[in-house]
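One structure below.
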Amino acid sequence: MEREAALGLMRRAVDVGVNVWPEMAERHMEVPLDYFSDPATFAKEKALYERSPLALIASSEIANANDFVVRNAVGRSVLVTRDEDGRAHAYLNYCRHRGAEPAHGCGNARRFTCPYHGWVYDPKGALVGLPLRDRHDNLDLGNYGLVELPSEERHGFVWVVLQRDLPIDVAAHLGALDDEIGRLGCDKMRYYPSHEEARIDANWKAVAEGLLEGIHVPIVHAQTFNLNPQAANVDLAYYDGFGPHVRWGLGLFDHDGATQLRATPEAEWKPDEAIGNIWLLSPGLLLANELYGIIYATLTPGSHPGESFFRYGWLSPVSEAPAGMPSPEQLADRARRAVYEDLAVWEGCGRGLAKGQHSHELIGRNEKGLQLFHEGLARETGYTGLRYV
Ligand code: FES
Ligand SMILES: [Fe+2]
Numbered sequence: 001m002e003r004e005a006a007l008g009l010m011r012r013a014v015d016v017g018v019n020v021w022p023e024m025a026e027r028h029m030e031v032p033l034d035y036f037s038d039p040a041t042f043a044k045e046k047a048l049y050e051r052s053p054l055a056l057i058a059s060s061e062i063a064n065a066n067d068f069v070v071r072n073a074v075g076r077s078v079l080v081t082r083d084e085d086g087r088a089h090a091y092l093n094y095c096r097h098r099g100a101e102p103a104h105g106c107g108n109a110r111r112f113t114c115p116y117h118g119w120v121y122d123p124k125g126a127l128v129g130l131p132l133r134d135r136h137d138n139l140d141l142g143n144y145g146l147v148e149l150p151s152e153e154r155h156g157f158v159w160v161v162l163q164r165d166l167p168i169d170v171a172a173h174l175g176a177l178d179d180e181i182g183r184l185g186c187d188k189m190r191y192y193p194s195h196e197e198a199r200i201d202a203n204w205k206a207v208a209e210g211l212l213e214g215i216h217v218p219i220v221h222a223q224t225f226n227l228n229p230q231a232a233n234v235d236l237a238y239y240d241g242f243g244p245h246v247r248w249g250l251g252l253f254d255h256d257g258a259t260q261l262r263a264t265p266e267a268e269w270k271p272d273e274a275i276g277n278i279w280l281l282s283p284g285l286l287l288a289n290e291l292y293g294i295i296y297a298t299l300t301p302g303s304h305p306g307e308s309f310f311r312y313g314w315l316s317p318v319s320e321a322p323a324g325m326p327s328p329e330q331l332a333d334r335a336r337r338a339v340y341e342d343l344a345v346w347e348g349c350g351r352g353l354a355k356g357q358h359s360h361e362l363i364g365r366n367e368k369g370l371q372l373f374h375e376g377l378a379r380e381t382g383y384t385g386l387r388y389v
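In the working numbering, the protein residues as written are 1 to 389.
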């Protein structure tokens, strides 16, 4: 982030800290419970996922030629490769013979052999061989490559659109945040996975809500983040919406620290160290400052409204931690434990939102990040059920 923009956020964080009062929404929001289970709503949200660029993997997951990763992406198996020329590609991981999945897991491979009848593909998706070739001697193999999806490598991620004929433009998708996300430097970081994709019995929006507030942290993460459950400052944050994207953040200082900062010339402020930002980029990409690296997670809907998938990891600019800090592996592991703490309550929310008879959930004025998320998503899908009290 440019210094002037970062100073602007830090001024807001200092105000919040001095006043011990968060930036608030104007009213409480009521979200109908059926918003989390209605099939028509779910279909519109899946359509949004199908047309949006999704940051399926970090570029560093396929750092070298012939590296590959297979990802579940909104119910589709997608093979992401890097070819000999260094270009990333994404393919539907479905064999052109009768549909089996040629690639599995991740690794480095020059060839992907379908496990059913042995058709062989290369990292550019080309069908390069098959058993009993002489039975197919009139067949032009060039017509039977894996189906390539639109993809773009940008800001340290491989972004993919899941519909083969749609355009991809990540800069346009990120809009006003494109430069800010680029400056995070994820293209120079290495991915440390916390866990492979977890299946969650909850609507994806219920999970997204949990990524946009800190008020659960001292309660749910008392074991991992060692915070006092009585802490009064857990909601001391600032919030901004950018179209469908949300950014929120907080000062990494208490009231006394904020008061001291206010008395300090801004030229001496160090926003890189004094504030932390969290981005939830539409529809389900989480990036967040954490110590010296970046949290990188993807949230996608499952096969029905009550199911979602969450993949979580940590990006580090260094392999050795700065003095006195946990290592990248330790941070990825702490993130894994924290996510499993979240999973238990998210699945509770999933049941409550699906089976509760209280007509709507309530999102407080101090949960402005959630309100911005719901408002941004509703604009994308045409949903009109949000209410305010
Ligand atoms: S389905 Fe892949 S070789 Fe037959
Ligand atoms: Fe959490």
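Glycine is no exception: its CB is placed at the ideal position from the N, C-alpha and C atoms.
- When Cβ pairs closer than 8 Å are counted between the two stretches, the stretch 49 to 60 is seen to touch the stretch 146 to 166, the count reaching three or more.
- Secondary structure at Pro150: coil, using DSSP grouped into helix, strand and coil.
- In this structure, Pro102 sits near Tyr121, with a CB-CB distance shorter than 8 Å.
- Rounded to whole angstroms, the gap between the alpha carbons of Ala332 and Cys106 is 19 Å.
- Taking C-beta atoms under 8 Å as the contact rule, His89 and Lys124 qualify, at a distance of about 7 Å.
- When rounded, the separation of the alpha-carbon atoms in Thr113 and Leu92 is 15 Å.
- Taking C-alpha positions only, Ser37 is separated from Ala109 by approximately 41 Å.
- Closest in C-alpha terms to Arg199, from the list Glu23, Ala344 and Glu209, comes Ala344.
- If you draw a straight line from the Cα of Thr300 to the Cα of Arg311, it is about 9 Å long.
- DSSP assignment within the stretch 236 to 301 yields the following whole alpha helix (DSSP H) runs of 4 residues or more, N-terminal first: 255 to 262 and 271 to 274.
- Beta-bridge partners assigned by DSSP to His195: Tyr312.
- When secondary structure is reduced to three states using DSSP, Pro328 falls in the helix class.
- Cβ contact annotation for Gly145 (same chain, cutoff 6 Å, sequence separation greater than five): Gly125, Ala126 and Leu127, in chain order.
- In this structure, ligand 1 has a non-hydrogen atom nearer than 7 Å to the beta-carbon of Tyr116.
- Here DSSP, grouped into helix, strand and coil, assigns Pro32 to strand.
- DSSP, read as helix, strand or coil, puts Ile168 in coil.
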